[in-house]
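Chemist: Numbering (this note's numbering), first residue to last: 3 to 123.
Cβ atoms here follow ideal geometry from the backbone N, Cα and C, with glycine treated the same way.
In structure tokens, the structure reads:
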């Protein structure tokens with residue numbers, strides 16, 4: 003029992019001091035968190051206008067082939083038998099079973115072309 007009392011009597015001042023320091027630092031932390039000029043990492047960068055492409059964006063490419071229906075969806079099949087999904091099914095519908103040039107950005111992970119234009123060949 004004396005060991006417990008001794009341990010508590012030694013730890014109580016340390017715990018009290020720690021709690022006091024934590025409480026005293028709260029206003030300083032709250033002030034720095036609410037002042038964005040003091041914390042530049044929380045500032046958001048302005049978004050570029052739609053007509054400006056960010057440097058890390060994929061470039062538009064042109065793909066030639068034929069629009070066909072596969073598994074209920076319209077796809078572009080090229081001369082070398084590569085098949086690409088087309089994100090704009092409505093635009094592609096007008097060119098079903100026709101040779102076309104599709105301009106857009108390829109999402110290599112999914113094999114999908116984000117179409118900006120479809121033109122007949």
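Could you give the uninterrupted runs of the beta strand (DSSP E) lying entirely in the segment 53-114, keeping only those of 3 residues or more?
Modeler: List check, beta strand (DSSP E) in window: 63-72, 75-79, 85-88 and 101-109.
Chemist: Our contact map puts residue 103 next to residue 68 with C-beta atoms below 8 angstroms; I'd like the distance itself, whole angstroms only.
Modeler: Along the chain shown, read from residue 1 onward, the residue named residue 103 stands at position 101. Along the chain shown, read from residue 1 onward, the residue named residue 68 stands at position 66. That pair is no contact at about 11 angstroms.
Chemist: Going by DSSP, which residues form a beta bridge with residue 122?
Modeler: Reading the chain shown from its first residue, position 120 is the one you call residue 122. DSSP lists 102 as partners of residue 122.
Chemist: Let me know the secondary structure DSSP gives residue 16 once reduced to three states.
Modeler: Reading the chain shown from its first residue, position 14 is the one you call residue 16. Residue 16 falls in the helix class under three-state DSSP.
Chemist: Starting from the Cα of residue 111, find the closest Cα among 94, 87 and 8 and give me that residue.
Modeler: In the chain shown, the residue the question calls residue 111 occupies position 109. Answer by Cα proximity: 87.
Chemist: Pull up the distance between the alpha-carbon of residue 76 and that of residue 60, whole angstroms please.
Modeler: By one-based count along the chain shown, residue 76 stands at place 74. By one-based count along the chain shown, residue 60 stands at place 58. Rounded to whole angstroms, residue 76 to residue 60 spans 23 angstroms at the Cα level.
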